[in-house]
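In our numbering, the protein residues as written are 2 to 237.
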């Protein structure tokens with residue numbers, strides 16, 4: 002199982018939100034410094050999110066990604082603010098290895114289809130769920146689209162990877178929603194990366210044993226509840 006330490010960026014700072022609420026922010030400082038720290042701990046991937054882009058649709062982290070790539074030998078999965086194919090191309094050109102797409106799939110299905118066609122193997126479907134329904138625009142809007150149905154649609158389009166977030170768990174340190182995460186992978190056939198709520202090595206061990214493809218680590222590694230080196234060792 003691949004571990005993705007997260008770097009969520011808001012106004013140039015590494016932050017964590019509580020349950021996606023932009024009014025409940027913890028500021029952790031320089032995102033590039035954290036990229037170096039996670040790489041030194043043994044991470045092979047980072048999960049880098051442009052929160053300003055997710056909320057407003059205006060991306061602003063391409064420079065940060067370029068700087069990380071200059072300083073650190075690591076792969077980057079990145080989302081937030083990717084509403085057009087041109088946004089994705091710019092993010093990939095900046096150094097991202099994969100792009101996470103969520104809102105575009107609902108707001109502009111044709112553009113989403115073009116993205117899946119244009120960047121095979123580089124698109125990760127961002128499946129953010131609130132009560133089993135797909136949430137978009139930085140989790141500020143909940144649609145009437147089933148998260149599982151959306152996942153199946155992605156598979157039909159040739160997408161192989163998905164980032165699944167249970168919003169009720171994100172940033173809350175209350176444990177991962179293992180049942181829903183495993184169900185998403187089994188029902189859709191996607192390689193699912195779990196996100197939201199991981200609070201202990203036991204959560205990571207349970208995800209690994211379940212067969213889930215990956216796991217994003219956020220507040221748990223920032224606050225020290227999970228030692229990243231130990232977590233990586235556990236997943237080898």
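Each residue gets a CB set at the ideal place from its N, CA and C atoms; glycine is no exception. Every value quoted in this text rests on a predicted model; they were computed, and no experiment measured them.
- A check of alpha carbon separations from residue 128 across 71, 138, 111 identifies 138 as the nearest.
- Taking all protein chains in view, the Cβ of residue 121 is surrounded by fewer than 16 other Cβ atoms within 10 Å, so the residue is classified as exposed.
- For residue 228 and residue 41, the gap between their C-alpha atoms comes out near 12 Å.
- Per DSSP, residue 195 is one residue of the beta strand (DSSP E) stretching across 192 to 196.
- Comparing alpha carbon positions, the residue from 74, 109, 216, 145 closest to residue 86 is 109.
- Burial state of residue 119 is exposed, judged by a 10 Å Cβ sphere holding fewer than 16 other Cβ atoms.
- Less than 9 Å divides the Cβ of residue 36 from the Cβ of residue 69.
- Just measuring C-alpha positions, the residue of 84, 71, 51 sitting nearest residue 62 is 51.
- In the displayed model, residue 150 falls within a helix according to three-state DSSP.
- For residue 67, there is no enclosing beta strand (DSSP E); the residue is found in the alpha helix (DSSP H) stretching over 63 to 72.
- Beta-bridge analysis with DSSP links residue 134 to 131, 147.
- For residue 163, the enclosing beta strand (DSSP E) starts and ends at 162 to 167.
- Here the alpha carbon of residue 82 sits roughly 25 Å from the alpha carbon of residue 214.
- In terms of Cα proximity to residue 130, the closest of 66, 163, 159 is 163.
- Going by beta carbons, residue 220 and residue 17 fall inside the 9 Å limit.
- According to the DSSP assignment, residue 110 belongs to the alpha helix (DSSP H) that extends over 110 to 119.
- CA-to-CA, the gap between residue 65 and residue 234 works out to about 28 Å.
- Separation of the CB atoms of residue 125 and residue 99 is rounded to 5 Å, and the pair is thereby assigned contact status at 8 Å.
- For residue 9, the enclosing beta strand (DSSP E) stretches over residues 3 to 11.
- A direct Cα-Cα distance of roughly 15 Å separates residue 168 from residue 7.
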